[in-house]
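Structure first, then comments.
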Amino acid sequence: MEAQQAGARRVADFLAGHPKVARVYYLGHLDSDDPQYHIYRRQCLGPGAMISFDLHGGEAEAFRFLNHLQLIRLAVSLGGTESLAEHPATMTHADVDPEERVVFGIGPAMIRLSVGVEHPEDLIADLNQALRVV
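Numbering (the working numbering), first residue to last: 149 to 282.
Below is the structure:
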């Protein structure tokens with residue numbers, strides 16, 4: 149798990165600095181003034197390996213991104229040894245009313261990424277090449 153967390157942090161840092169990414173949701177990026185930070189520090193030993201992020205644009209950009217991933221597989225899962233990506237609005241939360249998804253913060257441009265044990269630089273290269281087509 150330590151390797152996955154370390155890889156996830158590097159991937160989250162990359163995504164946070166990319167101009168085509170509007171926002172990154174990752175526990176390792178919480179500021180100490182965020183109310184969620186104190187809950188995280190009290191309940192967790194580390195930030196884990198799950199990252200969500202919003203692309204600039206909408207569903208079309210999210211689908212284009214997902215369809216161009218080569219190493220990271222498109223699948224619904226909370227994670228394992230291989231890195232997986234999914235589109236929550238049309239996969240895990242497809243049955244949730246669209247207005248409720250907005251309340252939950254699940255928009256059409258959101259991607260959920262579960263980082264596996266691959267080398268972080270390989271994952272970043274895959275994400276970068278997929279972001280180029282968005």
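Using N, Cα and C, we set each Cβ at its ideal position, and we do this for glycine too.
Legend entry - Own chain residues within Cβ distance below 7 Å of Gly-253, not counting five before or after: Leaving aside the five residues that flank Gly-253 on each side, none in its chain has a CB nearer than 7 Å to its CB.
Legend entry - For His-186 and Ser-180, the rounded distance between their alpha carbons: Whole-angstrom Cα-Cα distance: 7 Å.
Legend entry - For Ile-254, the three-state DSSP class (helix, strand or coil): In the structure shown, Ile-254 falls within a coil segment according to DSSP collapsed to helix, strand and coil.
Inset, instruction - Look up Leu-222 in the DSSP assignment and say whether it is helix, strand or coil. - result: In the structure shown, Leu-222 sits in a strand (DSSP, three-state: E or B).
Inset, instruction - Report yes or no: do three or more beta-carbon pairs, one from the region 212 to 225 and one from the region 243 to 253, lie closer than 8 Å? - result: Counting Cβ pairs under 8 Å, fewer than three are found: no touch.
Legend entry - Sub-8 Å separation of Pro-195 and Tyr-173 beta-carbons: Against a cut-off of 8 Å, the Cβ pair of Tyr-173 and Pro-195 comes out as no contact.
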